[in-house]
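Enquirer:
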DNA sequence: CAATCGTATAAGCAATTGCTTATATATTCG
DNA sequence: CGAATATATAAGCAATTGCTTATACGATTG
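Residue numbers (my numbering), protein chains in the order written: chain F, 1 to 108; chain A, 1001 to 1108.
1. Which residues, taken in chain order from the region 25-47 of chain F, show a beta carbon closer than 9 Å to some beta carbon of chain A?
2. Our contact map puts residue 43 of chain F next to residue 8 of chain F with C-beta atoms below 8 Å; I'd like the distance itself, whole angstroms only.
3. Within a Cβ cutoff of 7 Å, which residues of the same chain sit near residue 1038 of chain A, ignoring the five residues on either side of it in sequence?
4. Step through the CB atoms of chain A and report whether any lies within less than 7 Å of the CB of residue 81 of chain F.
5. Tell me whether the beta-carbon of residue 1058 of chain A lies closer than 7 Å to the beta-carbon of residue 1013 of chain A.
6. For the alpha helix (DSSP H) containing residue 1054 of chain A, name the first residue and the last one.
7. For residue 105 of chain F, would you say it is in contact with chain A, using Cβ-to-Cβ distances shorter than 7 Å as the test?
8. State buried or exposed for residue 1053 of chain A, treating a residue as buried only when at least 16 other CB atoms are found within 10 Å of its CB.
9. Any idea if residue 1069 of chain A is buried or exposed, counting beta-carbon neighbours within 10 angstroms, 16 or more meaning buried?
10. For residue 1101 of chain A, would you say it is in contact with chain F, using Cβ-to-Cβ distances shorter than 7 Å as the test?
11. Short of 6 Å in beta carbon distance, which residues of its chain neighbour residue 1085 of chain A, apart from the five on each side in sequence? Order them along the chain.
12. For residue 71 of chain F, which beta-bridge partners are listed by DSSP?
13. What does the alpha-carbon distance come out to for the pair residue 74 of chain F and residue 25 of chain F?
14. Helix or strand or just coil, what does DSSP make of residue 1039 of chain A?
15. Which residues in chain A sit within 7 Å of residue 8 of chain F, going by Cβ to Cβ distance?
16. Using three-state DSSP, classify residue 1105 of chain A as helix, strand or coil.
17. So, using beta-carbon positions, are residue 10 of chain F and residue 76 of chain F closer together than 7 Å?
18. DSSP three-state label for residue 1013 of chain A, please.
19. Distance check for residue 1004 of chain A and residue 1083 of chain A, CA to CA, integer angstroms please.
20. Suppose the cutoff is 8 Å on Cβ atoms and the five residues either side in sequence are ignored; what does the same chain contact list for residue 60 of chain F look like?
Here it is as structure tokens:
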């Protein structure tokens, strides 16, 4: 799996609004079971399950089983391909992202 | 057009590897005509043209007509929806992106 | 003007995507 | 065990996507 492919995966995964909403909800809740995500969702339980699978495959969330429930939480490193890509081209949009490269180095 | 929709557009536009390659080439070249982008591309001239349209619609590139040629260049502000979104959730992946929010404020 | 070059659009098509309903696979409880 | 709960998978389908070839448009040149 090349870096470009990982980046493609992350971008595709976040590009769907419904799936991104699931991801953002996991962020806000910190940790939440799939049931909780289904409640208040516009789509069905299988749809949510499929989105969770996509998020997991992209490395954007991690899961923790607890009895019948599976609790999902964000895996911040999953965003690395995106952050790294932005940082790689930092010099080209220098004004807006002047310090991004330095920031990335600090966070290693 | 809501912020979420703009973000979706940017993510979808960058998620295609061929289109992203076109975007990255424009970044590297600084300014380049569509002809130049077609040369060395794996896909046909119409395909490149369609990708350029998508990039322009997403606000990621700008164009400058010069005779028969149309020169494309990056529009760094097109990435704002993505940067803003990352910044908005900065507190949740605090370690890796510790200073992103401050960075964003500085670059306003 | 006609020919040519650079670019865009149209139409069609195979592949992918995101959803649904139906069903399967855990896991727990009585 | 059997029933109930939590989640995943299967199958099917309409919509979207990215490509192609063919054609149109726009600007320059002779």
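All residues carry an ideal CB built from backbone N, CA and C; glycine is no exception.
Expert: Reading off the structure:
1. Here the close residues are 27, 28 and 30.
2. In fact, because the Cβ distance is near 24 Å, the residues do not count as touching under 8 Å.
3. Scanning its chain for C-beta atoms nearer than 7 Å, with the 5 sequence neighbours on each side dropped, one finds around residue 1038 of chain A the residues 1045 and 1048, in chain order.
4. So, not an interface residue.
5. In this structure, the beta-carbon distance from residue 1058 of chain A to residue 1013 of chain A falls below 7 Å.
6. First-last of the alpha helix (DSSP H) with residue 1054 of chain A: 1045-1057.
7. The pLDDT assigned to residue 105 of chain F is 40, lower than 50, so where the model puts this residue is not dependable; a value taken from the coordinates is nonetheless given after this. Contacts with chain A at 7 Å (Cβ-Cβ) do not include residue 105 of chain F.
8. Residue 1053 of chain A comes out exposed.
9. Exposed, because fewer than 16 other Cβ atoms sit within 10 Å of the Cβ of residue 1069 of chain A.
10. Any reading at residue 1101 of chain A must be qualified, since the residue scores a pLDDT of 41, below 50, and its modelled position is unreliable; no value is offered.
11. These residues qualify, in order along the chain: 1007.
12. In the DSSP secondary-structure assignment, residue 71 of chain F is bridged to F/33 and F/64.
13. The C-alpha of residue 25 of chain F is placed about 10 Å away from the C-alpha of residue 74 of chain F.
14. If DSSP states are grouped into helix, strand and coil, residue 1039 of chain A belongs with coil.
15. By Cβ distance, chain A contributes 1015 and 1017.
16. Because the pLDDT of residue 1105 of chain A is 40, which lies under 50, any placement of that residue in the model is unreliable, and the number read from its coordinates should be weighed accordingly. Three-state DSSP puts residue 1105 of chain A in a helix.
17. No. Outside cutoff.
18. Looking at residue 1013 of chain A - three-state DSSP - the assignment turns out to be helix.
19. Each residue's Cα considered, the two are about 12 Å apart.
20. Its chain contains 10, 13, 14, 23, 74, 75, 78 and 79 as the residues whose beta carbon lies nearer than 8 Å to that of residue 60 of chain F, once the 5 sequence neighbours on both sides are disregarded; these appear in chain order.
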